[in-house]
Each structure stands twice: as C-alpha cells, then as structure tokens.
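Numbering (our numbering), first residue to last: 3 to 821. By construction, the Cβ of each residue, glycine as well, lies at the ideal position given by its N, Cα and C atoms. Some notes on the structure that comes next.
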C-alpha cells in the first residue's frame, strides 16, 4: 500500500510539479515527498532557485534536527537540574551563541529564576516583570535586540560584575498550551551569536525550540512541587513525632527552632513564649557562655506587635521598618536582612507564642514560607502546650516538695489502704528516723501501734467520716531503736498537736473520690510550748530572741536604734465629733494600716499611746539600714494615709492628719516592768527627742521631721531639707532638724525643686542676719508653694528680727519652750 501511494505521488508530481520552492518545502514538511521527488524538483529549477531552495531545505532540516534533539534530550528526565543545562546546551549549539539562560516562572514568589547558565554558574531570581526577560514574560512576545546597550531595559552592571560583554540578545517566551489556553511558563534568553548577529530565522528557531521544551519544563516543575510537598509532609510528620515525645520545654524549644530554620532555609529563629503572669514574652537565647533567658513586655517590638495583633509580619528589609531595633545588631555584630514573624495559636484560638525567623537564604520570605511556618506552628503549639503543662506540673511538684520539706512540723500522707506514702524531713526527725524510706511503705496501723495507737484511731475516724480531726497536747512515744519491743527501748515522750485531714479528688458528693488522709504533727515540746505561750504577751520577734539567747538577752543593754513616733492631729476634736463607736472604728483601721507598714519595714511596735504609735527599728535586732527602714516606713505611712483619706472623703468623712518624728541614738533596751507584768521597750534621751520632733511638726507646719543623727545614719538618698537648729526642752545642746519630703506627689517635683533652692539660699541669708534679703527669698518660696510651713515661719521671724534684732552672740538656734 505504501509503494502504491508513493507511485501515485510521483505521478502527480510528473504531471504537475509545485509552483515554487515554498510549496516543495511545505510538501516535504508534510512527508509527502521522497528522495526521487526532491531530486527531480532540483533538476527542474534554475541554478539560482536551486541554491535558494537547497539553503532553505538545509535550514528546515536543521530545525527539524533541533526539534528531534530537544525531544530526545528532554524526554528521559523530570529533574530541572538535568533539563535546564541540557536545554541551555542545545540552544547554544543550534544558535551558535556564546551564552544562553532559561528562566522559569515561580508562581509562589511571582519571580523568574534560573538554576543553570552556560558560562554563568549562579542562581538568579528577580521579579517577573524586571529587565528584558521580565518584559518578554509579561508581554508573551519575542524580541531581537541587535545592540543590548542601546536598550533601556538592559542592565550593564551585570556585565561589569561578570566581565562579559553583551552585544546582541534573542529573548523568547516559553509557552505551554493547557486546556486550550496558552500560558507563558518561562523565558529563554540567548546572548552574542558567534561571528555575526542573530537573524530572524534564529529567533524563529528559538521560539520553536522553547515551544518543544515547554511541556518538559512544566512536568518537571510539577514533579518538583510534588516531591517538595512530599518531603515537607514527611519532614513535618517526623518532626511532629519527635516533638510529641519531648516533654522537657528547653530541649523542645531548641528542636522547634532548628526545624524552622531547616524548613524555611533561614539563618536564625527564635520562639518567644507568653508568660501570662508577668504579661511578658520570653525566650531562651544561646550565647557563648551558655543559654540565657530574655524577657520583655508583650507589646514591645516586632514580636510584641505580632503577639498583640495576632497577624503575621513579613519584612523584606529589616532596617527599613521603624519597629526594628538596630541596636541589637550593633551589639551582636549580626546583620538582620529580612524577618518573618508569626503568632503561634493553640486549639482555643489563643496566641501562646511568637515565632521570629531571620535571614532567609536567597532572598526575602515568601507566601509559601508563611504557609509552611503556619502549618508547622499549628503542630508545634500542641507540643509546646504539652511541654509547658509538664513543666508546670514539675514546677508545682517541686514547689510542693520544697514546701513539704521546709515545714517545721511533721507531715505524713496515708493512702486509702492505710499505707504511708510520704514523710517529710521534720517528721523523720520527730520519729527518730534517718531517712523517709524507714517509714514510707509501712502500714499506718503497724507503725503507730501500742501507746501511739491513738494516731491510728484518728486516721480511721477521718477515713470513715471524711471530716478533719484535731488532737491537742497528746503524748507521742518516740522510739530511738525500734528493733525489738522490750524494756531496753530508749524512748521518751513528746507533746504534740495532731491534725488529720482527708485527701480527696475534685468533685462533689459521690463524684469525689477518697484518696487517703494527711497527718500534720506539731512538736510543742519545750521550746515550742514556751514560744506558743510567750507569743500571747509579746511580739514574735521578741519571743524568738528570748528563746534563742535566753532571758538575759532582754535583761537590758545599750544599742543604737531608730525610734519613730507618730500622732494624729486634733484627735480629741475628731473623737468628740465621731462618738465612741466611730472613734474606735477609726483607730482600728488607722492602726492596722500603719502597723502593717512598720512591720513590713522591719520595725517593732513598741506601744500604743492613745492615738500615738511608738515603733523601734534596731531592737532587739540591729542592722546598718535601721535608719533607712524608719524613714521609708514614715514615707509609706503618709502615702497610705493619703489613700486612706481619699476613701474617707468619698464616704463623706473628714480626713485624718498626722505628724512623724524620727531620731537615731544609743538607747537602753530590755524588759521593763513589775515581776508580774513586763514589757520589752526602749528608753533614753534618744526616745524623748523622737517624741519632741513629732510634736515639732505642729510648730513648723511639717509632717516628717528627723534629727541630724538619723541623717548621718542614712545609706539611701532622700529628698531632705534642713528646717532648723533647735534646743528642745530639757536639753542644752542644739540639734539639727531635717524634713523628709519624699511622700509628696511627683506632680509637684518641679516647683518643689525650685522652691527648695530658694529656701536654702534664704536660710543661709537668715543665719547671716540678712533679714531683708532672707524675707524676700522666703516670700519667693511661698509664691511657688503657698502652703510651705517652714517658709511661713521664717518669714515671720524675719519680720520679728527686723524690729527686735537678736543678741550679738545669736547662733541661729531656736529654743523650744514646749514639749
């Protein structure tokens, strides 16, 4: 059949040959001519036409050979690493070009990229509309540029970097037909035809070659995407499985960060966890000297922005973002280029952490990077919550264990079967056991037998009724050598208080499961019994001192203390208006507030004197900071009084005012009183001076006055000013008096500072008898703070001394005639 068909075509050719060489080429391409036909056609043409025909036929054969070679070379691989170099080599050979580059389109990043180039072995990525290749990709039309440097789209900087000189360029889109639609999947760019410039035929051949190769590239990209997806899925599963077995938080965070860097091809990654108790973000950062924890408020910086907003932040250029702190790079020497920061959200939709990734290798982070990190973060959130829960359980366990072991009372836990589960160190000491193992695991009925059976009975009663049971002052037989039960036992009795409480799971009624009970044994023998008795009559601190050093410790000795006196102003008038019941209520609230502050600062409440309080700092225990503690207590007392008065005014009640005096001196401390009732207190001139200073506040219009002796003892810095040099009643030597102003609101700091400067100058003029200058300065101080008591007082003195100058030997000391 084929032979007949060929004979028919030959006959047709002999009777009616093609009109032109184009017809012949067309029939040849359609495979309708054989070698004999071609030979006869060549003989029928003129010499000139025969040469043109032969040249075109050779060009056609070259194109056909190129297509066949492309199909052959690209048909046996799905790897872009193989296909791209092959295609580059084929195009370069067929077009006799110095260089060729194939750019493929990455939909995820909207970029053109290449993995191979003849003579230029670098990886290149750039926006899909950039340069000549980008222009061809966007337009879908081929271009022939005879002079590259004359085209504004050409970037000559590339030639400068590579040392290559580009003369002419062919650039053709790689088009692929899918579902009847043509889409551009890449660009082929050819540089510098050897010997001469590119021709139109070269461009046509390039288009033909790229069209033939398009399907292979599309299939290879699809294969690469599938392989990458499988790899990422496998990697994610492996990491998730590994994370699910890690319950230690620190190793888990390290593993998560290493995985993030691998998945995103990033340089660094940090996971900031949210601490709800402090409202901070914290992370473990590896440094040269080990791992260090860093913390900062949860709204600060880029990580804080992501945490509070719950939105991902992708920053291509870190230094262009105002939220980025460049000082961190300066300190570490690290250069941050791009940042991807994403919230980690748990199953409840709560943001529990923030992942911050730095410096993706090869360029900024992409949308697919965000997708990968989001998928991984969802899995990591579960592992982190599990690890945090495990960490919290361990923390609570260790915390409870520490509490249990630090308790001075013995604690024993018993399960529902009567087996002793846990014994703390105090219980071991009380029971004469070297270690808990000698007690744990034994049955409570066997361990507490014989004379101690009352403990077993208490345990049985609690397990039966589910109600706590307390036994006070019971005798416990202590066994030193419980090897045999005979008369050789070395035993003694201890007086104890026993509390047995039930242990149960959460729930109510039948849902609450009985877990056993807990025994708390308080040894009230000797010291504890004495301490319990003494604490009813004196402060716990004094009782501890007496028990540790004996009665002689409180028998009387001289020691340096800081004594504080405070008194309510116009209390008699207030009590008359309030009546007895309201007065007692006021005093109870006032004393509770003030005494708590004194005790918190390490002071001892010496006594209540009507509406006054006497407190001691430094007795019976002294410290270098006693004076500071006294001053700090006075400041806090006035601040607390300010809040107390705001509440009273809101309730329609009148405010309470008070003054405070502090002096530091050697005083006599000890138990003072009768044989039937004694009080631990301090006495001496130093105590009296503190009381005088408290009263002097009324005269000077101040609230806290301290002596020069207290000022000398202060270690901290306070806002002080010298008020006067006074000679109190009963004393012959003057004492410098200072006012403490730290209790004032910060809002008045500016005017207060200016006023104090003027006041200091005015006091200096006053002591130099410059009454007119001092009067003017004190007046200026009152303009700034009209309520300033010392300035008012000195202004009156200046007027007085102008009319009645003091004696020539006047030294500036003011003699106090009243207490």
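In the DSSP assignment, what are the bridge partners of residue 662? 568 and 706
Within the continuous alpha helix (DSSP H) that includes residue 781, where are the two ends? 773 to 786
Residues in the same chain with beta-carbon distance under 6 Å from residue 522, minus the five sequence neighbours each way, listed in chain order, please. 411, 413 and 501
Going by CA-CA distance only, name the one from 388, 314, 394 and 443 that's closest to residue 357. Looking from the CA of residue 357, the closest CA among 388, 314, 394 and 443 belongs to 314.
For residue 572, does the count of other Cβ atoms within 10 angstroms reach 16, so buried, or fall short, so exposed? Classification for residue 572: exposed.
So if DSSP puts residue 147 in a beta bridge, which residue, or which two residues, is it bridged to? Looking at the DSSP assignment, residue 147 forms a beta bridge with 171.
Rounded to whole angstroms, what's the CA-CA distance from residue 526 to residue 692? Just pull it up for me. A straight line joining the alpha-carbon of residue 526 with that of residue 692 spans about 41 Å.
Looking at C-alpha atoms only, which residue of 142, 183, 205 and 131 is the closest neighbour of residue 148? 205
Determine whether the beta carbon atoms of residue 658 and residue 599 lie at a separation below 8 Å. No, these two residues do not count as a Cβ contact at 8 Å.
Reference residue 632, options 646, 690, 297 and 716, closest by Cα: 716
Provide the residue span of the beta strand (DSSP E) that contains residue 115, from first to last. 113 to 116
Under 8 Å, do residue 594 and residue 662 count as touching if we go by C-beta distance? no
Within 8 Å, do at least three Cβ pairs link the stretch 415 to 435 to the stretch 376 to 392? no
Range of the contiguous beta strand (DSSP E) that encloses residue 361: 353 to 362
Starting from the C-beta of residue 477, find all residues in its chain whose C-beta is less than 6 Å away, skip the five residues before and the five after it, and write them out in chain order. 495
Would you mind sorting residue 735 into buried or exposed? The rule is 16 or more other CB atoms within 10 Å of its CB. exposed
Which value, in whole angstroms, describes the spacing of the CA atoms of residue 308 and residue 349? 18 Å
Near the ligand ATP: residue 422 beta-carbon under 7 Å from a heavy atom: Inclusion of the ligand ATP in the displayed structure is not the case, the ligand content being empty and no account of it being possible.
How should residue 603 be labelled, buried or exposed, when 16 other C-beta atoms within 10 angstroms of its C-beta is the threshold for buried? buried
State the Cα-Cα distance for the pair residue 707 and residue 283, rounded to the nearest angstrom. 45 Å
By DSSP, does residue 622 sit in helix, in strand, or in coil? coil
Rounded to the nearest angstrom, how far is the Cβ of residue 621 from that of residue 566, given a contact under 8 Å? Actually they do not touch by this definition, with Cβ atoms about 12 Å apart.
Using 10 angstroms around the beta-carbon of residue 817, count the other beta-carbons present and answer buried if the total reaches 16, otherwise exposed. exposed
Give me, in chain order, the residues of the same chain whose beta-carbon lies closer than 8 Å to that of residue 519; leave out the 5 immediate sequence neighbours on both sides. 415, 416, 461, 464, 465, 502, 503, 504 and 505
Identity of the residue in 352, 126 and 345 nearest residue 378 by Cα: 345
Residue of 188, 169 and 100 minimising C-alpha distance to residue 138: 188
Proximity below 8 Å, CB of residue 754 to CB of residue 787: yes
Entirely enclosed alpha helix (DSSP H) segments - the stretch 417 to 485, minimum 4 residues: 427 to 432, 446 to 449 and 455 to 467
Could you give the residue range of the beta strand (DSSP E) that holds residue 185? 183 to 195
Taking the C-alpha atoms as reference points, what is the distance between residue 300 and residue 306? So the alpha carbons of these two residues sit roughly 5 Å apart.
Taking the alpha helix (DSSP H) that residue 136 falls in, what are its first and last residues? 133 to 141
Residue 704 classed as buried or exposed, judged by whether at least 16 other C-beta atoms fall within 10 angstroms: buried
With 16 other Cβ atoms within 10 Å as the buried cut-off, status of residue 113: buried
If the criterion is Cβ atoms closer than 8 Å, does the pair residue 354 and residue 255 meet it? no
One question on the structure: do residue 563 and residue 671 come within less than 8 Å of each other, judged by their Cβ atoms? yes
Simplified DSSP state of residue 198, which is helix, strand or coil: coil
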